[in-house]
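Chemist: Here's a structure for you.
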Amino acid sequence: MDINKAIIHTLDDDLKSIILSQQPLNLNNQHAIENYLLKLVKGMQNSTSTTRATIGERSPFKALIGTQFPFLETTQDLARQWFEQYIQNMDYTSNNLVFVLADLGESVGFGMFELLSKDGVIKITQNVQGV
108 MDINKAIIHT LDDDLKSIIL SQQPLNLNNQ HAIENYLLKL VKGMQNSTST TRATIGERSP
168 FKALIGTQFP FLETTQDLAR QWFEQYIQNM DYTSNNLVFV LADLGESVGF GMFELLSKDG
228 VIKITQNVQG V
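So the sequence shown is residues 108 to 238, counted in our numbering.
And the structure:
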């Protein structure tokens, strides 16, 4: 199993804004991040508590099944839709959406993980090119 692409989009409560990444993560020199993402994907794949469901016809994910899609633009659109729904809750907290395109051997998986911002998780503190 390999991570082909990954990207992080953020809803920042302090800045009161949605921050959409402009490029995927460079995993060539970020082995700790790649390993963390692999653990997330493997955990979801192997979990006995993972819920299996059918994607609704109107779901934005439905059109992605079995197709190649522009990773950056697609994840930005999905994150924007997710965060706009999330913002409607007046008591929202900062969070991150991590999108992963993973080679699962016989297939390719596309996953979205929601991680709440807290110490020790992902928090954008500065814009560093290529990270």
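We put the CB at the ideal spot given by N, CA and C, even for glycine. Computed from a predicted model, the values in this text were never measured in an experiment.
1. Report buried or exposed for Ile-172, applying the criterion of at least 16 other Cβ atoms within 10 angstroms of its Cβ.
2. Between the Cα of Tyr-199 and those of Leu-223, Thr-182, Pro-177 and Phe-217, spot the shortest distance and give me the residue it belongs to.
3. Just the C-alpha distance for Thr-161 and Asn-202, rounded to the nearest angstrom, thanks.
4. May I ask you to report which of helix, strand or coil DSSP gives Gly-218?
5. Specify the secondary structure class of Leu-204 as computed by DSSP and reduced to three states.
6. Should Val-215 be labelled buried (16 or more other beta-carbon atoms within 10 Å of its own) or exposed?
7. Quick one: is Ala-113 buried, meaning 16 or more other Cβ sit within 10 Å of its Cβ, or exposed?
8. Considering only their Cβ atoms, is the gap separating Asn-111 from Asp-184 smaller than 8 Å?
9. Decide if Ser-124 is buried, meaning its Cβ has at least 16 other Cβ atoms within 10 Å, or exposed.
10. Are the beta-carbon atoms belonging to Ile-115 and Leu-134 less than 8 Å from one another?
11. Buried or exposed for Ala-186, please, with buried defined as at least 16 other CB atoms from any protein chain shown within 10 angstroms of its CB.
12. Over the uninterrupted alpha helix (DSSP H) stretch that includes Leu-259, give me the two end residues.
Modeler: In this structure, then:
1. exposed
2. Leu-223
3. Roughly 26 Å separates the two Cα atoms.
4. strand
5. strand
6. Looking at its Cβ environment, which holds fewer than 16 other Cβ atoms inside 10 Å, Val-215 is exposed.
7. buried
8. no
9. exposed
10. no
11. Result: buried.
12. Residue 259 lies beyond the stretch modelled for the chain, which goes from 108 to 238, so this question has no answer here.
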